[in-house]
Structures are given as structure tokens and as C-alpha cells.
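S.K.:
Residue numbers (the numbering used here): 51 to 392.
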């Protein structure tokens, strides 16, 4: 009899324990999200109310063989949100001028240099730290990153992929970013990134050294000098460059998300001959979300290239909620992998 009287008490205690565990898990998620938000804020040297600045540095990019290509990097920004960026590399030059909603671009090549796509990603520190509703975070091990015992957190996307972010536990900066796969067959790819030698600027902290790696290989490095107040520029310094093309600019995050994807058809002859590989396509997302200007940056053979192009030409994108006010098109690189492994 006593046993039956105690059963509701047992159930009630179990319910309280379950509630406590749920509350603890929610609190832990909030705590981890706050770490990401702190890192986003501390690196945002273009936040509203920040003073204008000038930032320049030395760029090195390694190819398949030999020493690195060396170049120059320059970025200037005003409190009104106007900005200008210049990249000068051996055989390549790009100038951009924008206002936070769109930018104008002049470039020495018709399509983007694949390595510069990777450099753009390396510089978008804040964008890597966005957490969407439904994504989850998990605290991992500590890891030594350039002499700092960093706190590492696993990010699990609701879309099925995972990434690892390592932060300075004291000051809060992002020190290292690693995707699920930290290497690529494409020599210019820099899947994982490392940031170090941070400098102070108006209450923010920004790295002097930015490195991109492919597996164990360093593929690009940007060494920045001191951030300095923006001197009075020429009157037309931030004007659209002559003959510039018009593109979307969204400083708060990625401009687009995929709305409709058509999976590529694996060519029968390629499958029979065990052909595999990754096709990388240059593409332009037009203002209405359709894809144009497809061009092969990395080939996996004629058959696979054509299959990838046919599929991606049918993809459709839509603007993200953070970038609804941005106007213009966007250049991207798209990887399409053909694999016979199940």
C-alpha cells in the first residue's frame, strides 16, 4: 500500500528533475550564444557610432608550387557607412566602393579570382558568428591556439552540418574557425581560419594576422598594420569607380539563402567509369534570385562540369532577413561534388 502512495511522489520528483535539466540546457545554450554575440560585437569595427578608420596590410597567397604571390590590401571606412577597398596582387587588381547597401566594383578580370573569394571569407569575421533559430551549440575541449588556451564550441546547424569555433576565454575574440572538413582537393581553398595579434580600436579588437589553411598547409595570410583614424580623403574618394559594376552589399551577414535546389544528375558514362570529383562554378545571383554567368573555376571533366552547370542554372535564391534592404547582384563560388561513395 505504501508503495502505491509513494508512486505519485516519485513521478513528481522525476518531473521536477526533467524541468531542471531542460532549464539547465536552455541556460547553457543562452550562455554559449552570448559567447558568439560577444565575439561578433568585439570585432565589429564598422558598428554604428564608430569613428572612421584606415587599415592596410601585406597579402600573401600560396599556389600549387613555388613561393607565394605577394600583394597589398587597403580598406577605408567612414562613420556614415561609406567604404573603399583595394586589393593589388600580381596580375590582379580590384577596387570596390560602397555604402552598406550596394557597392561598385572595378576588377582586372571578368570573373573573380578563386583565391580572392577565400580572402573575402577570411575577412568576414562577424558573418561566421551568426547563429540561426533552431541551431544548437555544444561546449567542447580547450585547445591551444597560438599560445592561448581557447574555449572551443561546436555549432550544429539545423541544416545538418557542424563547425567548430574557438574563442579567447578572457577577451572574447574568435581565434579559430574550423568546418566539418578542414581540407579540400582545391588548392586555393582555405577551409579553416585563424586570427591572432589583436589590436584595440575604439573599444573593439581586430586581428593583425589573418590566416587561411587547407589541411596543414597555409594558403593565405594577411598581415595588417595599425588601424589609424581616417585622414581627410579626396572629395571623390568614395565615389563609384569609373566603369564600375553594381553589386549588393550587406555588412550584417550573408545576402542570400538557397530557396530551390536541383540536384545534379550523375552522368551514366561517368558513373560506369568511376569518375568522381568536385566542380567549382563561378556564378552571379541576380536581383530576382536566379543564377546567371556560370563559369567553371575548377573542372572535374567535361561530363561532370556539364551536369553541375545544368543543375545550378536551375537554382533559385532569396534574400536573407538581415539583408532585405540591400540592392544588386552577388558573385559566388559554388562547389558541386560527385561521389560514388554512399
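We put the beta carbon where it would ideally sit given N, CA and C, even for glycine.
The structure displayed is predicted, hence computed values, not measured ones.
Between which residues of its own chain and residue 372 is the CB-CB distance below 7 Å, once the five residues before and five after are set aside?
M.R.: Cβ within range, chain order: 300, 302, 303.
S.K.: Return helix, strand or coil for residue 354, following the three-state DSSP convention.
M.R.: The answer is helix: DSSP assigns residue 354 an H, G or I state.
S.K.: Given residue 298, which residues of its chain have a CB within under 7 Å of its CB, disregarding the five upstream and five downstream residues?
M.R.: For residue 298, where only same-chain residues beyond five positions count, the Cβ hits under 7 Å are 152, 305, 376, 377, 378, 379, 380.
S.K.: Taking just the CA atoms, how far does residue 136 sit from residue 154?
M.R.: So the alpha carbons of these two residues sit roughly 12 Å apart.
S.K.: Where do the ends of the alpha helix (DSSP H) carrying residue 318 lie?
M.R.: Taken as a continuous stretch (DSSP letters only), the alpha helix (DSSP H) holding residue 318 covers 318 to 322.
S.K.: So, do the segment 265 to 281 and the segment 107 to 119 have three or more beta carbon pairs nearer to each other than 8 Å?
M.R.: Yes, the segment 265 to 281 touches the segment 107 to 119.
S.K.: Measuring only the C-alpha atoms, how far is residue 167 from residue 174?
M.R.: Those two C-alpha atoms are separated by around 11 Å.
S.K.: List the whole-angstrom C-beta distance separating residue 227 from residue 178, where the pair is believed to meet the contact cut-off of C-beta under 8 Å.
M.R.: That belief holds up - the Cβ atoms of residue 227 and residue 178 are roughly 5 Å apart, short of 8 Å.
S.K.: Spatial neighbours of residue 73 within its chain, please: C-beta separation below 8 Å, excluding the five flanking residues on both sides.
M.R.: Confidence in residue 73 is poor, its pLDDT being 48 and thus under 50, which makes the residue's placement too unreliable to answer from.
S.K.: DSSP three-state call for residue 361: helix, strand or coil?
M.R.: It is helical.
S.K.: In whole angstroms, what separates the C-alpha of residue 204 from that of residue 232?
M.R.: Cα to Cα, residue 204 sits roughly 14 Å from residue 232.
S.K.: Helix or strand or just coil, what does DSSP make of residue 390?
M.R.: Here residue 390 sits in coil by DSSP.
S.K.: Quick one: what does DSSP say residue 403 is sitting in, helix, strand or coil?
M.R.: The requested residue 403 is not part of the displayed model; the chain covers only 51 to 392.
S.K.: Quick check on residue 308: buried or exposed, where buried means 16 or more other Cβ atoms within 10 Å of its Cβ?
M.R.: It counts as exposed.
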